[in-house]
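J.: For the sequence shown, this note's numbering begins at 6 and goes up steadily by one.
Ideal Cβ positions, reconstructed from N, Cα and C, are used throughout, including at glycine.
Computed from a predicted model, the values in this text were never measured in an experiment.
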Amino acid sequence: MAERARGRGEEGPEHVFFSPHPDDVALGAYASLLGVPRGIVPTLVTVFSQSCWEFVLPVDPSRAMAVTSLRMGEDRRFARAHGADLVHLGFRDTSLRAPPGGPAEPEAAREALAARVRLALGEVLASVSEEALLYVPLGISSHVDHLLVRDAVRALRGERGVVYYEDLPYSAHHPEDEIVDYAWALGLSPRCLDMTTLWSAKLRGLSFYASQLEPQTLPAVEAHARRLGAGRGLAERVWTVAP
Ligand SMILES: [Zn+2]
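#1: I'd like to confirm something about Pro-25: is its beta-carbon nearer than 8 Å to some heavy atom of ligand 1, or not?
#2: According to the neighbour-count rule (16 or more other Cβ atoms, all chains shown, within 10 Å of its Cβ), is Phe-60 buried or exposed?
#3: Nearest-angstrom Cα distance between Arg-196 and Thr-48?
#4: Is any non-hydrogen atom of ligand 1 found closer than 8 Å to the C-beta of His-148, if you look at the structure I gave you?
#5: Given 8 Å as the limit, tell me if Asp-172 has its C-beta closer than that to any heavy atom belonging to ligand 1.
#6: Less than 9 Å between the C-beta atoms of Ile-184 and Glu-164, yes or no?
#7: Compute every distance between the C-beta of Asp-156 and the non-hydrogen atoms of ligand 1, then say whether any falls below 8 Å.
#8: Apply the 10 Å Cβ neighbour rule to Gly-12 and answer buried if 16 or more other Cβ atoms are within range, or exposed otherwise.
#9: Which residue wins for smallest C-alpha separation from Tyr-175, given the options Gly-44, Glu-241, Val-168, Ser-147?
#10: Does DSSP classify Val-52 as helix, strand or coil?
#11: Just tell me which of Glu-241, Pro-27, Pro-108, Arg-115 has its CA closest to the CA of Ser-216.
#12: Helix, strand or coil for Val-122, going by three-state DSSP, please let me know.
#13: Sorted by chain position, which residues of the same chain lie with C-beta nearer than 8 Å to Gly-236's C-beta, five sequence neighbours on each side aside?
#14: Just tell me which of Val-30, Pro-105, Ile-45, Ala-89 has its CA closest to the CA of Pro-63.
#15: Kindly indicate which three-state DSSP category Tyr-170 falls into: helix, strand or coil?
#16: Could you give the DSSP three-state label for Asp-186: helix, strand or coil?
#17: Following a CB-centred definition, is Asp-186 positioned closer than 8 Å to any heavy atom of ligand 1?
#18: Buried or exposed: Ala-247, going by 16 or more other Cβ atoms within 10 Å of its Cβ?
#19: Using alpha carbons as the reference points, say which of His-20, Ala-120, Val-52 lies closest to Arg-43.
#20: For Met-200, count the other beta carbons within 10 Å of its own beta carbon; 16 or more makes it buried, fewer makes it exposed. Which is it?
#21: Just verifying my parser: in three-state terms, what is the DSSP assignment at Phe-22?
#22: Under three-state DSSP, which class holds Arg-159?
#23: Give the DSSP-derived three-state secondary structure of Asp-199 in the structure shown.
#24: Going straight from the alpha carbon of Phe-22 to that of Ser-67, what length do you get?
#25: Does DSSP put Tyr-214 in a helix, in a strand, or in coil?
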């Protein structure tokens, strides 16, 4: 499913934001989204848009339609408010494939899913230029849905134009050294993006995803931003292959 925000005809490379779940871009790549040059319509691609995750265990798969509809509505309103095109790929997230507390997802099922995700993202990228900037999650905390999206884009495009944003709120729960070592092992170098004056805008952006914000989410996101700001304010961080 795709929604167009407005007509094209803009100058410069496309900016495509790959979001494993509705909210990941608002959480981790908000500075990058706000930084898209005026005149360029960003594209938001939400990959695992089917869910029954309501923050209580056990999950209730019979709630999948209601939860999915709620999440898609939140995503749609966020995209509209930020002038972005929106694509929902409709994959089932881990709450539906392998609910927490249950058996792990079989390896063969995971591999088949990875192939389908690669195929779907390949179709999205078929109409995206080689010069495009592609934002993917870094993969901190190894959430399988995040890794599937990251690895599919890397498999399809290599490192060219790929920008890795930090997964939140997960990154807040890792020491700085662990994050840096994880990113360096991927051959990446950091860039901090100042969010100090944009923080209230980020909170407004996150408020679109009210159904996914647990009470501890915003304090964790802010704590990570302050850590990155190193006493001088608030920041997000992205990683890229050093030129
Ligand atoms: Zn996510």
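T.: In this structure, then:
#1: yes
#2: Exposed.
#3: 22 Å
#4: yes
#5: Distances from the CB of Asp-172 to the heavy atoms of ligand 1 include at least one below 8 Å.
#6: no
#7: no
#8: For Gly-12, the predicted structure reports a pLDDT of 48, less than 50, and the residue's modelled location is therefore unreliable. The matter cannot be settled from this model.
#9: Check the Cα spacing between Tyr-175 and each of Gly-44, Glu-241, Val-168, Ser-147: the tightest is with Ser-147.
#10: coil
#11: Pro-27
#12: helix
#13: none
#14: Taking the Cα of Pro-63 as reference, the smallest distance to any Cα among Val-30, Pro-105, Ile-45, Ala-89 is reached at Pro-105.
#15: strand
#16: If DSSP states are grouped into helix, strand and coil, Asp-186 belongs with the helices.
#17: no
#18: exposed
#19: His-20
#20: buried
#21: strand
#22: helix
#23: strand
#24: For Phe-22 and Ser-67, the distance between alpha carbons rounds to 30 Å.
#25: coil
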